[in-house]
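Engineer:
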Amino acid sequence: MTNDTRIIKVDYLARVEGEGALYVRIKDNTVKDVKLKIFEPPRFFEALLRGRNYSEAPDITARICGICPVAYQMSAVHAMEGAFGVKVDGQLRALRRLLYCGEWIESHSLHVYMLHAPDFLGYPDVVRLAQDYPEIVKRGLRMKKAGNAIVKLLGGREVHPINVRVGGFYRVPTASELVSLVEELRWGRDVALETVRWVAQLSFPDFEQDYEFVALHHPEEYPMNEGRLVSNKGLDITAQEYEQHFIEEHVPYSTALHSHLQKRGAYLTGPLARYTLNFDQLSPLAQEAARAAGLGSACYNPFKSIIVRSVEILYAFDEALRVIENYKMPDAPAIEVHPRAGTGYACTEAPRGTLYHRYRLSDEGLIMDAKIVPPTSQNQKRIEQDLWSYVARAISLPDDQLTWQCEQAIRNYDPCISCSTHFLTLHIERE
Amino acid sequence: MPVSILIIGIGNEYRSDDVAGLLAARMLRTLSTPALPENAIIESDGDGAALLDLWQAEDTVILIDASFSGLPAGTITRFDPLDYPIPPSLLVSSHAFGLAETIELARRLDTLPRSLVVYAIEGKNFSVGMNPSPEIEQAARAVAQQIMVEWQTSPASDC
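Chains as they are written, first to last, in the numbering used here: chain G, 1 to 431; chain C, 1001 to 1159.
#1: Taking 8 Å as the CB-CB limit, is E1101 of chain C close to chain G?
#2: Tell me the rounded alpha-carbon separation between H116 of chain G and R25 of chain G.
#3: State the DSSP-derived secondary structure class of G1009 of chain C, mapped to helix, strand or coil.
#4: I want to verify the contact list: residues of chain G whose CB lies under 8 Å from the CB of F968 of chain C, in sequence order.
#5: By the DSSP assignment, the beta strand (DSSP E) with D1045 of chain C in it spans what residues?
#6: When DSSP builds the beta bridges, which residues end up paired with V127 of chain G?
#7: In angstroms with no decimal places, state the Cα-to-Cα distance between E384 of chain G and L268 of chain G.
#8: Is the distance from the Cβ of A94 of chain G to the Cβ of V323 of chain G below 8 Å?
#9: Can you list, in chain order, the residues of the segment 356 to 383 of chain G whose Cβ is nearer than 7 Å to any Cβ on chain C?
#10: Under 7 Å Cβ to Cβ from P1081 of chain C, same chain only, skipping five residues before and after it: list those, please.
#11: Under three-state DSSP, which class holds T354 of chain G?
#12: Roughly how many whole angstroms lie between the Cα atoms of A130 of chain G and A370 of chain G?
#13: Which bits of chain G does Y1084 of chain C rub up against, with CB to CB less than 8 Å?
#14: Have a look at Q201 of chain G and N301 of chain G and give me their C-alpha separation to the nearest angstrom.
#15: Find the residues of chain G that neighbour L965 of chain C, judging by a C-beta separation of less than 9 Å, and give them in chain order.
#16: Among all the DSSP beta bridges, which residues are the ones paired with H108 of chain G?
#17: Which residues bound the beta strand (DSSP E) around S203 of chain G?
#18: So, helix, strand or coil for A332 of chain G, using DSSP?
#19: Run through chain C and tell me which residues come within less than 7 Å of K145 of chain G, C-beta to C-beta.
#20: Specify, as a first and last residue, the run of the alpha helix (DSSP H) that L1116 of chain C falls within.
#21: Mind pulling the chain C residues with CB within less than 7 Å of R63 of chain G?
#22: With distances taken from CA atoms, which of G:H260, G:A316 and G:A334 is nearest Y100 of chain G?
#23: Quick one, are the C-beta atoms of H245 of chain G and V251 of chain G less than 8 Å apart?
#24: Let me make sure I understand the geometry here. Which of C:E1137, C:A1142, C:E1150 and C:D1083 has the alpha-carbon closest to that of S1016 of chain C?
#25: Under 8 Å Cβ-Cβ, which residues of chain G neighbour D1065 of chain C?
#26: Please state the DSSP three-state secondary structure of N1141 of chain C.
#27: Determine the chain G residues that contact E1104 of chain C at a beta-carbon separation under 8 Å, and present them in chain order.
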C-alpha cells in the first residue's frame, strides 16, 4: 500500500444519534490524521435560553435531546437550585433518581439491543437481526418500554417530559401509581441480568486504552444527580470548579467545541468512567453480575462498554425498585424557590456521560447567560485518539472492512452527536 | 383507550424543514374538530421504539414525516409501506433508529398495523432554526387537508 492513495467514503453512518463526519488520512501505511466532525445544536440552545425565565430552562433544555431529555432537565434544575440556595431532598430527591433510572433504562436498552448488538453478531442492522432473533429484539424493546413507563409517569410523557420544575415536580405520583410499575420492573431486572450474561459471551477485540476517566462520585450511591466530579488521575472538584479545569476549544473542522482537561488532555466520560470510578456504589446484584460477566472493578476496553451498559441497566432496574419500595408521597410536589441574582452550576450523569450546565441569573430569575457542555462534546477528542490507535492496528484491512470497523468503534461511545438529524460522512484517505 | 385511527406527525421543530410532520399534525387539529376521535393526532420526535409502542394496537395509522430525496421542496409523496418498503435514505430522521427502519423492524416482528400510510414532505433546509421554508408550510396544509378527506370518506370514520 506504500505511496498508494486510498480514499474511503461513507455518506451515512447508521446507528449513531446525530450528525457529523469522520475523516481519516493514511499515508505510507501510517495514520496521519483523524477528525471527528460534529454539528452540535446545544450552542443554539444556549442563545435561546438568554432572557428566558429560570423556570423555563428544564422544558427548553429537554428539547435538546429526544433520548436523554431527563439529563438536560436534571442538570438545569440542579444548577438553578444551586443559584437560589435551595436543596431538594427526601422523596422528591428520590423521585428524581427514579426518573433518571427510567432514562438510563430507555437509552441503554436502545443502544445495547438496537444499535450495538448487531455489530457483535455480524448483522448490518437490527432489522436483519430481528429476522433471525425476533425474541431477542422484542426483549430489548420491552426493556426500553419499561424505562419509558417510568419517564411517562414521572415526567408526564415519554419524550421531552414536562413535569420537572425547579424545586421538584409539578405533580408527584401516588404510591399506588408507582406500585403499578413494579411488576414490569421486576421482569426488567430479571431480564437485565440475562442481558449481562448474554453480552458477556460476545467476542471483543483486545483494545485497552490508558483513559483518564471522569465521572461524578457520591460516597453512598451510584452517581446520577449529585456528587463530586472525580477522575482516576487525581481530579476531585465541585461542579462550580468545572470551568477552571475543563477547557473548550474551537477546532477548524467542527462546529462543536473540543473539551480537554487543563494540562492533561483528552478524557473519557460515560459508562466506562462511571463504572470504574464507582464500582463500589453499584448494588450487590449489579456487582455480582459484573464479576460473573468477567469484568473487574475497572474496564478500559471501549468495546466492552456493551457489558457495562448492561450492568447499568440492571442497576437502574434494581435502584428503581428500591426507590419505589421506600416511597411515601411527599406533602408538596415541590419546595418553594425564590429567585435571586447569582450563578448556578451542575453536573449530572446522562446515559452517555457527564452533562455540565451553568446559568447566570438576574435577581428576577431571568437567564443572562447559559453554558451547556454535553458528554459527546467532552468525549470527542478522546474518540479521535481511540480511532487513531484503532486504525493503526487495523491498517492492513481492506478499505471496506476498515471503514466498517471504524463505524463500529464509534458506536462504542454511543455518541449523541447532535440529538438531531443523523448524517455522518466517513472519509478514509490513503496516500 | 385504543382509537381506530392514529395520525402521527414526526419532526424536530428546531431543525427548520424537519418540522413538516409536526406542522401537518397541528394543522390537522385545526381542521378536524370534531370529526377525528380525541387523541387521534400525536406529535412525535420520531424515536422508532416509541413509535412501535404507539401504533401496535391501532387499526389505521397515518405517519407524516419530512423527506430529503432531491425532489423540489414541498413535494408530497404518499407511501403504502405495507406493500413496499420505504428506502431508509429517503426520510430525514432525528434518530439513530429512524422511521424507515422502524417500519421494517415492525414488519419483521409482525407488529405492523392493519393499515399504514406514510406522507413524506420534501424539505430543503434542515439546519438549526425555527423558520421552515414557505413550501413546507404550504405542503403541510395540503397533507392535512388530504388526510381529512381520506378520513371522512373511509369506513373507519363511522367508528
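All C-beta atoms, glycine included, are put in the ideal place defined by N, C-alpha and C. None of these values were measured; they are calculated from a predicted model.
Structural biologist: In this structure, then:
#1: In the second sequence, counting from the first residue as 1, residue 1101 of chain C sits at position 101. It does; some Cβ of chain G falls within 8 Å.
#2: Here residue 116 of chain G refers to the residue found at position 116 when the first sequence is read from its first residue. Here residue 25 of chain G refers to the residue found at position 25 when the first sequence is read from its first residue. Cα to Cα, H116 of chain G sits roughly 26 Å from R25 of chain G.
#3: The residue you call residue 1009 of chain C lines up with position 9 of the second sequence. Strand, per DSSP.
#4: This structure cannot speak to residue 968 of chain C, because chain C is shown only from 1001 to 1159.
#5: By 1-based counting over the second sequence, the position of residue 1045 of chain C is 45. Careful: D1045 of chain C lies outside any beta strand (DSSP E) and carries neither H nor E.
#6: Your numbering for residue 127 of chain G matches position 127 in the first sequence. According to DSSP, V127 of chain G bridges with nothing at all.
#7: As a first step, residue 384 of chain G must be located in the first sequence, where it is residue number 384. As a first step, residue 268 of chain G must be located in the first sequence, where it is residue number 268. Roughly 11 Å separates the two Cα atoms.
#8: As a first step, residue 94 of chain G is located in the first sequence; it is residue number 94 there, counting from the start. As a first step, residue 323 of chain G is located in the first sequence; it is residue number 323 there, counting from the start. Yes, Cβ-Cβ distance for A94 of chain G and V323 of chain G is below 8 Å.
#9: none
#10: Locating residue 1081 of chain C in the second sequence gives position 81, counting from the first residue. Around P1081 of chain C: I1103, L1116 and V1118.
#11: In the first sequence, residue 354 of chain G corresponds to position 354, counting from 1. It is a strand residue.
#12: The residue given as residue 130 of chain G occupies position 130 in the first sequence. The residue given as residue 370 of chain G occupies position 370 in the first sequence. Their Cα atoms are separated by approximately 43 Å.
#13: As a first step, residue 1084 of chain C must be located in the second sequence, where it is residue number 84. Correct list: empty, because the minimum Cβ distance to chain G is about 15 Å.
#14: Position 201 of the first sequence, counted from the first residue, corresponds to residue 201 of chain G. Position 301 of the first sequence, counted from the first residue, corresponds to residue 301 of chain G. Those two C-alpha atoms are separated by around 15 Å.
#15: Because chain C in this structure spans residues 1001 to 1159, residue 965 of chain C falls outside the shown range and cannot be described.
#16: If you number the first sequence from 1, residue 108 of chain G lands on position 108. According to DSSP, which records beta bridges pairwise, H108 of chain G is partnered with nothing at all.
#17: Here residue 203 of chain G corresponds to residue number 203 of the first sequence, with the count starting at 1. Note, S203 of chain G: premise wrong, no beta strand (DSSP E); not H, not E.
#18: Residue 332 of chain G sits at position 332 when you count from the first residue of the first sequence. Three-state DSSP puts A332 of chain G in coil, outside helix and strand.
#19: Reading the first sequence from its first residue, position 145 is the one you call residue 145 of chain G. Those within 7 Å of K145 of chain G in chain C are D1053.
#20: Along the second sequence, read from residue 1 onward, the residue named residue 1116 of chain C stands at position 116. No alpha helix (DSSP H) contains L1116 of chain C, which is instead part of the beta strand (DSSP E) from S1115 to E1122.
#21: Here residue 63 of chain G refers to the residue found at position 63 of the first sequence. Those are Y1014, listed as they occur along chain C.
#22: Stepping through the first sequence from its first residue, residue 100 of chain G is reached at position 100. Comparing Cα-Cα distances from Y100 of chain G to each of G:H260, G:A316 and G:A334, the minimum goes to G:A316.
#23: In the first sequence, the residue the question calls residue 245 of chain G occupies position 245. In the first sequence, the residue the question calls residue 251 of chain G occupies position 251. In this structure, V251 of chain G does not lie closer than 8 Å to H245 of chain G by Cβ.
#24: Stepping through the second sequence from its first residue, residue 1016 of chain C is reached at position 16. Cα-wise, what sits closest to S1016 of chain C is C:E1137.
#25: Position 65 of the second sequence holds residue 1065 of chain C. What D1065 of chain C touches in chain G: nothing, since even the nearest Cβ is about 12 Å away.
#26: As a working note, residue 1141 of chain C is residue 141 in the second sequence. In the sequence as displayed, the identity of residue 1141 of chain C is Arg instead of Asn. Correct three-state label for R1141 of chain C: helix.
#27: One-based indexing of the second sequence puts residue 1104 of chain C at position 104. What E1104 of chain C touches in chain G: V127.
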